[in-house]
Ligand code: HEM
Ligand code: SF4
Ligand code: SF4
Ligand code: FES
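Residue numbers (the numbering used here), protein chains in the order written: chain A, 43 to 280; chain B, 3 to 119.
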């Protein structure tokens, strides 16, 4: 593959600006390769995150030409047909420097949404037997592969408008646990996801589902939570 | 009542009133289309709706559903689009709902009485 890419990369904190770089094109090049080239060859002071480079760790998410993407699994050829790339830090999170954002809020909200598994059995007991075909298990399976990349959180307008909103990833996590029959924190978790900042704030516009690189559907998980919360309220269990 | 429960009830009431509105809006649109055939006059409307208990009840339910549904939605819009504190958001939305209810029920009752009911 021949030619060069013209790449604009965000530099600085919240009040930074874009800076332009010329990066040689390569076959099968990923957006992460481009960022790495800039840091290794052009400007060593560029900050960004990655770890696994194979779509498992969830640390490399950035805004690429305005959309949140996992950069290690995004081919340049798919997103930069015009030979131009704009790479910015993930939306809806405070910028620390360049392409790194502060994920504290994002993960604190997982805890707020009751994202911690609370066992009901002790280690003295045998394994819980759960059929893979069980409908609750299927709901849990549908959301369990989340890598915590924050892409859905960046894609969600409600997160942008309502800073307290728990967001798609935390609510998706809560829904997998609501469907985990071994978990003993159901009532408290439903209360945690019920309020104005919880699942009821979602407008079902599916920005999260559209962008999730693992093809999860947080919108469907949130719809499940809405039903569970509504039923709990009607039965006086909220 | 806990805040979570209250907020969930608001959400539920908005969905329930929306389903009432869906039916009411459909009836309303069909009536409009039927009524404008061959021109529309005040006398014609009063002749049809005035003094008619069934129409008064229908529009009464329509008004109540709208007066419940819309302010809950406005509350969401204000929460998302303005930096107003929650107290003001709730107060503004409630005032808006009360306004809709008073104006709507007033219109329904005037139309009913115009027909000599
Ligand atoms: C056919 C009748 C109607 C149906 C089925 C309906 C349904 C809905 C639903 C499902 C929502 C929630 C949207 C969300 O949370 O994402 C909503 C929101 C809203 N509705 Fe209605 N509605 C109807 C009529 C009306 C009318 C007549 C008004 C005004 C008088 C109104 C005003 C609002 C407002 C202000 C919102 C808030 C916007 C939002 O939450 O996204 N609606 N409606
Ligand atoms: S569907 Fe809900 S959670 Fe997903 S992006 Fe839209 S508002 Fe956010
Ligand atoms: S739900 Fe998808 S987009 Fe959101 S954090 Fe998990 S893997 Fe990333
Ligand atoms: S570097 Fe691990 S998911 Fe991209």
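Just so it is clear, CB atoms sit at the ideal spot from N, CA and C, and this is done for glycine as well.
I want to verify the contact list: residues of chain A whose CB lies under 9 Å from the CB of residue 96 (chain B), in sequence order. Stepping through the second chain from its first residue, residue 96 (chain B) is reached at position 94. Ordered by position in chain A, no residue passes the 9 Å Cβ test against residue 96 (chain B), which lies about 15 Å from the chain.
On the DSSP letters alone, give me the boundaries of the alpha helix (DSSP H) that residue 102 (chain B) sits inside. The residue given as residue 102 (chain B) occupies position 100 in the second chain. Secondary structure note for residue 102 (chain B): its alpha helix (DSSP H) is the uninterrupted segment 88 to 116.
Quick one, are the C-beta atoms of residue 232 (chain A) and residue 267 (chain A) less than 9 Å apart? Sequence index remark: in the first chain, residue 232 (chain A) carries index 190 (1-based). Sequence index remark: in the first chain, residue 267 (chain A) carries index 225 (1-based). Pairing residue 232 (chain A) with residue 267 (chain A) gives a Cβ-Cβ distance under 9 Å.
Can you list the residues of chain B that residue 242 (chain A) reaches, using a CB-CB cut of under 8 Å? Taking the first residue of the first chain as position 1, residue 242 (chain A) is located at position 200. What residue 242 (chain A) touches in chain B: 9, 10 and 13.
At a threshold of 8 Å, does residue 71 (chain B) count as lining ligand 3 (C-beta to nearest heavy atom)? The residue given as residue 71 (chain B) occupies position 69 in the second chain. No, ligand 3 has no heavy atom inside 8 Å of this Cβ.
Comparing the CB of residue 262 (chain A) with every heavy atom of ligand 1, is any distance shorter than 8 Å? Within the first chain, the letter at position 220 stands for residue 262 (chain A). With a cutoff of 8 Å, residue 262 (chain A) does not count as near ligand 1, since its C-beta is closer than that to no heavy atom of the ligand.
Kindly indicate if chain B contains any beta-carbon less than 9 Å away from that of residue 170 (chain A). Translated into positions along the first chain, residue 170 (chain A) becomes position 128. So, not an interface residue.
Cα separation between residue 24 (chain B) and residue 30 (chain B)? Sequence index remark: in the second chain, residue 24 (chain B) carries index 22 (1-based). Sequence index remark: in the second chain, residue 30 (chain B) carries index 28 (1-based). Going from the Cα of residue 24 (chain B) to the Cα of residue 30 (chain B) covers about 10 Å.
What does residue 93 (chain B) reach in chain A if we use C-beta pairs closer than 7 Å? Counting from one through the second chain, the residue named residue 93 (chain B) turns up at place 91. What residue 93 (chain B) touches in chain A: nothing, since even the nearest Cβ is about 16 Å away.
To the nearest angstrom, how far is the alpha carbon of residue 6 (chain A) from that of residue 99 (chain A)? What is shown of chain A runs 43 to 280, which leaves residue 6 (chain A) out entirely.
Quick one: Cα of residue 45 (chain B) to Cα of residue 265 (chain A), how far? Start at 1 with the first residue of the second chain, and residue 45 (chain B) comes out as number 43. Start at 1 with the first residue of the first chain, and residue 265 (chain A) comes out as number 223. Spanning the two alpha carbons is a distance of roughly 48 Å.
Can a CB atom of chain A be found closer than 9 Å to the CB of residue 19 (chain B)? The residue given as residue 19 (chain B) occupies position 17 in the second chain. No, residue 19 (chain B) lies away from the interface with chain A (no Cβ there is under 9 Å from its Cβ).
Who are the neighbours of residue 5 (chain B) on chain A, taking C-beta pairs under 7 Å? Along the second chain, read from residue 1 onward, the residue named residue 5 (chain B) stands at position 3. Scanning chain A for C-beta atoms nearer than 7 Å to the C-beta of residue 5 (chain B) yields 237, reported in chain order.
Suppose only complete runs of 3+ residues qualify. What are the beta strand (DSSP E) ranges in the region 61 to 116 of chain A, listed by chain order? Segments of the beta strand (DSSP E) lying fully in the region 61 to 116 of chain A: 103 to 106 and 109 to 112.
Can you give me the C-alpha to C-alpha distance between residue 17 (chain B) and residue 76 (chain B), rounded to a whole angstrom? Position 15 of the second chain, counting from 1, holds the residue named residue 17 (chain B). Position 74 of the second chain, counting from 1, holds the residue named residue 76 (chain B). The straight-line gap from Cα to Cα measures roughly 14 Å.
Taking 9 Å as the cut-off, decide whether the C-beta atoms of residue 84 (chain A) and residue 67 (chain A) are in contact. On the first chain, position 42 is the one that residue 84 (chain A) refers to. On the first chain, position 25 is the one that residue 67 (chain A) refers to. Their beta carbons are not under 9 Å apart, which means residue 84 (chain A) does not touch residue 67 (chain A) by this criterion.
Is any heavy atom in ligand 3 found nearer than 8 Å to the beta carbon of residue 134 (chain A)? Locating residue 134 (chain A) in the first chain gives position 92, where the first residue counts as 1. Every heavy atom of ligand 3 is 8 Å or more from the Cβ of residue 134 (chain A), so no.
Would you call the region 110 to 118 of chain B in contact with the region 83 to 92 of chain B, where contact means no fewer than 3 C-beta pairs closer than 8 Å? Flag = no, the region 110 to 118 of chain B and the region 83 to 92 of chain B do not touch.
Ligand 2 and residue 100 (chain A): does the residue's C-beta get closer than 8 Å to at least one heavy atom of that ligand? For this step, residue 100 (chain A) is matched to residue 58 along the first chain. No; taking the cut-off as 8 Å, the Cβ of residue 100 (chain A) has no heavy atom of ligand 2 nearer than that.
With three or more beta-carbon pairs closer than 8 Å as the criterion, would you say the region 220 to 234 of chain A touches the region 249 to 258 of chain A? Proximity of the region 220 to 234 of chain A to the region 249 to 258 of chain A falls short of the contact definition, fewer than three beta-carbon pairs being nearer than 8 Å.
In chain order, what residues of the same chain lie with their CB nearer than 6 Å to the CB of residue 121 (chain A), ignoring the 5 residues before and after it? Looking up residue 121 (chain A) in the first chain gives position 79. Cβ neighbours of residue 121 (chain A) beyond the five flanking positions: 106 and 107.
Local Cβ density within 10 Å of residue 278 (chain A), reported as buried at 16 or more and exposed below that: The residue labelled residue 278 (chain A) in the question sits at position 236 within the first chain. Under this definition residue 278 (chain A) is an exposed residue.
On a Cα-Cα basis, can you pick out the residue from B:50, B:66 and B:98 that is closest to residue 21 (chain B)? As a working note, residue 21 (chain B) is residue 19 in the second chain. Proximity to residue 21 (chain B) across B:50, B:66 and B:98 peaks at B:66, based on C-alpha coordinates.
Taking only beta-carbon positions, decide if residue 81 (chain B) is within less than 9 Å of chain A. By 1-based counting over the second chain, the position of residue 81 (chain B) is 79. Answer yes: the Cβ-Cβ gap between residue 81 (chain B) and chain A drops below 9 Å somewhere.
Would the region 147 to 165 of chain A count as touching the region 108 to 117 of chain A if we require 3 or more Cβ pairs under 8 Å? No, the region 147 to 165 of chain A does not touch the region 108 to 117 of chain A.
Any heavy atom of ligand 4 inside 8 Å of the beta-carbon of residue 93 (chain A)? Your numbering for residue 93 (chain A) matches position 51 in the first chain. Relative to the non-hydrogen atoms of ligand 4, the Cβ of residue 93 (chain A) comes within a distance shorter than 8 Å of at least one.
At what residues does the beta strand (DSSP E) containing residue 127 (chain A) begin and finish? For the purposes of this step, residue 127 (chain A) is identified with residue 85 of the first chain, where counting begins at 1. Segment 126 to 130, the beta strand (DSSP E) holding residue 127 (chain A).
Closer than 8 Å to a non-hydrogen atom of ligand 3 - does that hold for the CB of residue 182 (chain A)? Numbered from its first residue, the first chain carries residue 182 (chain A) at position 140. No; taking the cut-off as 8 Å, the Cβ of residue 182 (chain A) has no heavy atom of ligand 3 nearer than that.
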